[in-house]
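Asker: Counting along the sequence shown from 1, when you hit position 11 you're at 25 in this note's numbering, and nothing is skipped either side.
Virtual Cβ for every residue (Gly too), placed ideally from N, Cα, C.
It should be emphasised that the depicted structure is a prediction, and the values quoted were computed from it without experimental measurement.
Please read through the structure below; I'll follow up with questions.
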Amino acid sequence: MILGHIGARKGSKGVPGKNFRPLCGKPLIDWSLDQLFANPRIGAVVVSTDDEVIYDHAVKRGALNIGLRPAHLASDTAPKWGVWQHALTASQALCGPVSAFLDLDCTAPLRLAKDIDGALDLFINEHPDMVMSVCEARKNPYFNLVEPDASGALHVSKPLPGGVWSRQTAPKVYEHAASTYVVDPGYLLRATSIYEGRVIPFEMPPERCVDIDSPFDFKLVEFLMSERLKEAKP
Numbered sequence: 015m016i017l018g019h020i021g022a023r024k025g026s027k028g029v030p031g032k033n034f035r036p037l038c039g040k041p042l043i044d045w046s047l048d049q050l051f052a053n054p055r056i057g058a059v060v061v062s063t064d065d066e067v068i069y070d071h072a073v074k075r076g077a078l079n080i081g082l083r084p085a086h087l088a089s090d091t092a093p094k095w096g097v098w099q100h101a102l103t104a105s106q107a108l109c110g111p112v113s114a115f116l117d118l119d120c121t122a123p124l125r126l127a128k129d130i131d132g133a134l135d136l137f138i139n140e141h142p143d144m145v146m147s148v149c150e151a152r153k154n155p156y157f158n159l160v161e162p163d164a165s166g167a168l169h170v171s172k173p174l175p176g177g178v179w180s181r182q183t184a185p186k187v188y189e190h191a192a193s194t195y196v197v198d199p200g201y202l203l204r205a206t207s208i209y210e211g212r213v214i215p216f217e218m219p220p221e222r223c224v225d226i227d228s229p230f231d232f233k234l235v236e237f238l239m240s241e242r243l244k245e246a247k248p
C-alpha cells in the first residue's frame with residue numbers, strides 16, 4: 015500500500031499561517047490533499063501537523079487519525095526526516111504495512127497529477143531508496159556561481175581543468191525541489207537522513223517547483239495557479 019503524506023507545521027516565520035491560508039479559493043494544503051485523495055494508487059493519506067485546525071480539517075476529509083505531531087517535531091528546526099519517521103510508524107499502526115511513502119510538500123502546490131505518477135513509476139521501476147523531485151538549477155557552480163578566496167577575490171565555485179565558458183557545456187546540476195518524494199519505508203526507518211542511501215532524481219519543470227517561503231513566493235504561486243485555472247476553463 016502506498017501511503018500519501020503531507021507535513022504542515024503550524025508556525026511559519028516567512029508567511030504566518032501559510033499552510034492553511036486561502037490560495038485561489040481553498041486552503042493551501044488542500045491543493046496537495048486533493049491530489050492525494052484523487053490518486054487511485056494511494057491507499058491511505060496522513061497529515062502530520064501540530065495545528066489543531068489543520069489536523070481536524072484533514073481527518074474530516076479522510077486522513078488517518080494519528081494525533082497531533084509531538085512537540086519535539088514541531089519546531090522550525092525539527093528535521094523533515096524525523097517527521098516522516100513518526101508519521102510512517104503511527105500510520106502503519108492503523109493501516110498496516112506500507113510499500114511506499116509518498117510525501118507532498120504543501121508549499122509547492124503547482125505540481126501536476128502526472129508528476130506524482132511519474133515519481134511513483136520511477137520508484138517502482140528503479141527500486142531506489144528514495145526518489146526526490148528536482149529541477150535544473152538556474153545557476154551552475156561550474157560556470158556562474160562564484161565564491162571569494164581568503165583574499166576576497168572571486169573564483170568559480172567548482173572549477174574544472176580548462177574552465178567552462180558557457181552554460182550549455184557545464185555539467186548538469188539540480189536544485190532540490192521541495193515538492194514530491196517517494197521513500198522506501200524500510201530505508202526511512204533505518205536511516206537518519208536523506209542521503210545515506212541511493213537517492214535518485216525525478217526532474218520536474220522549474221515552473222511546477224516553486225516553493226512558498228516568502229510573501230513574494232505566495233503571490234507568485236497564486237498568480238501562476240490563477241493563470242492555470244483560467245486556461246483550464248472551457
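Considering only residues of the same chain and omitting the five flanking positions on each side of Ile214, which have a CB-CB separation below 8 Å?
Answerer: In the sequence shown, residue 214 corresponds to position 200, counting from 1. The answer, listed in chain order, is Leu136, Glu140, Pro142, Met144, Val145, Met146.
Asker: How far does the beta strand (DSSP E) with Ala191 in it extend, from its first residue to its last?
Answerer: As a first step, residue 191 must be located in the sequence shown, where it is residue number 177. Per DSSP, Ala191 belongs to the beta strand (DSSP E) from 188 to 197.
Asker: For the pair the segment 211 to 228 and the segment 188 to 196, tell me if three or more CB-CB distances fall below 8 Å.
Answerer: At 8 Å Cβ cutoff, the stretches touch.
Asker: So what does DSSP say about Gly132, is it helix, strand or coil?
Answerer: Along the sequence shown, one-based indexing puts residue 132 at 118. Helix.
Asker: Are the Cβ atoms of Cys38 and Met218 separated by less than 9 Å?
Answerer: Here the question's residue 38 lines up with position 24 in the sequence shown. Here the question's residue 218 lines up with position 204 in the sequence shown. No, the Cβ-Cβ distance between Cys38 and Met218 is not below 9 Å.
Asker: Give the list of continuous beta strand (DSSP E) stretches no shorter than 3 residues that lie fully inside the segment 138 to 165.
Answerer: With a minimum length of 3 residues, the continuous beta strand (DSSP E) runs that stay inside the segment 138 to 165 are 144 to 150, 160 to 162.
Asker: So which of Phe34, Lys186, Ala127 has the shortest CA-CA distance to Glu150?
Answerer: For the purposes of this step, residue 150 is taken as the residue at position 136 of the sequence shown. It is Lys186 whose Cα lies nearest to the Cα of Glu150.
Asker: Would DSSP call Ala77 helix, strand or coil?
Answerer: Indexing the sequence shown from 1 puts residue 77 at position 63. Looking at Ala77 - three-state DSSP - the assignment turns out to be coil, as it is neither helix nor strand.
Asker: Are the beta-carbon atoms of Gly57 and Cys120 separated by less than 9 Å?
Answerer: Here residue 57 refers to the residue found at position 43 when the sequence shown is read from its first residue. Here residue 120 refers to the residue found at position 106 when the sequence shown is read from its first residue. No, Cβ-Cβ distance for Gly57 and Cys120 is not below 9 Å.
Asker: Of the choices Pro220, Leu87, Tyr195, whose alpha-carbon is the least far from that of Tyr209?
Answerer: For the purposes of this step, residue 209 is identified with residue 195 of the sequence shown, where counting begins at 1. Of the candidates Pro220, Leu87, Tyr195, the one whose C-alpha sits nearest the C-alpha of Tyr209 is Tyr195.
Asker: Whose C-beta lies closer than 8 Å to the C-beta of Arg67 among residues of the same chain, with five residues either side of it excluded?
Answerer: Walking along the sequence shown from the start, residue 67 turns up at place 53. The question names Arg, but residue 67 is Val in the sequence shown. Excluding sequence neighbours, Val67 sits near Phe34.
Asker: Based on the DSSP output, what are the partners of Glu217 in its beta bridges?
Answerer: Position 203 of the sequence shown holds residue 217. Partner(s): Val148.
Asker: By a C-beta neighbour count over all protein chains shown, 10 Å radius and 16 as the cutoff for buried, is His71 buried or exposed?
Answerer: Within the sequence shown, the letter at position 57 stands for residue 71. Burial call: buried.
Asker: Short of 8 Å in beta carbon distance, which residues of its chain neighbour Ile43, apart from the five on each side in sequence? Order them along the chain.
Answerer: The residue given as residue 43 occupies position 29 in the sequence shown. Here the set comprises Ile20, Ala22, Asn33, Phe34, Val61, Ile68, His71, Ala72, Cys120.
Asker: Three or more C-beta pairs under 8 Å: does that hold for the segment 45 to 56 against the segment 122 to 131?
Answerer: Yes, the segment 45 to 56 touches the segment 122 to 131.
Asker: Gly18: buried (16+ other C-beta within 10 angstroms of its C-beta) or exposed?
Answerer: Reading the sequence shown from its first residue, position 4 is the one you call residue 18. Classification of Gly18: buried, given that the 10 Å Cβ count is 16 or more.
Asker: So the candidates are Gly211, Pro199, Arg242, Glu241; which of them puts its Cα closest to the Cα of Trp98?
Answerer: Counting from 1 along the sequence shown, the entry for residue 98 is found at position 84. Among Gly211, Pro199, Arg242, Glu241, the Cα nearest to that of Trp98 is on Pro199.
Asker: Are Ala114 and Val178 touching if we call contact CB-CB under 9 Å?
Answerer: Counting from one through the sequence shown, the residue named residue 114 turns up at place 100. Counting from one through the sequence shown, the residue named residue 178 turns up at place 164. No.
Asker: Whole angstroms are fine: how far does the CA of His100 sit from the CA of Leu203?
Answerer: Here residue 203 corresponds to residue number 189 of the sequence shown, with the count starting at 1. Here residue 100 corresponds to residue number 86 of the sequence shown, with the count starting at 1. Cα to Cα, the separation comes out at about 9 Å.
Asker: How many angstroms separate the CA atom of Gly25 from the CA atom of Leu134?
Answerer: In the sequence shown, residue 25 corresponds to position 11, counting from 1. In the sequence shown, residue 134 corresponds to position 120, counting from 1. Roughly 30 Å between the two C-alpha positions.
Asker: For Thr63, which residues of its own chain have a beta-carbon under 8 Å away from its beta-carbon, when the five flanking residues on both sides are left out?
Answerer: Position 49 of the sequence shown, counting from 1, holds the residue named residue 63. Gly21, Ala22, Arg23, Lys24, Asn33, Tyr69, Ala72, Leu82, Arg83, listed in sequence order.
Asker: By DSSP, does Ser62 sit in helix, in strand, or in coil?
Answerer: Reading the sequence shown from its first residue, position 48 is the one you call residue 62. Three-state result, Ser62: strand.
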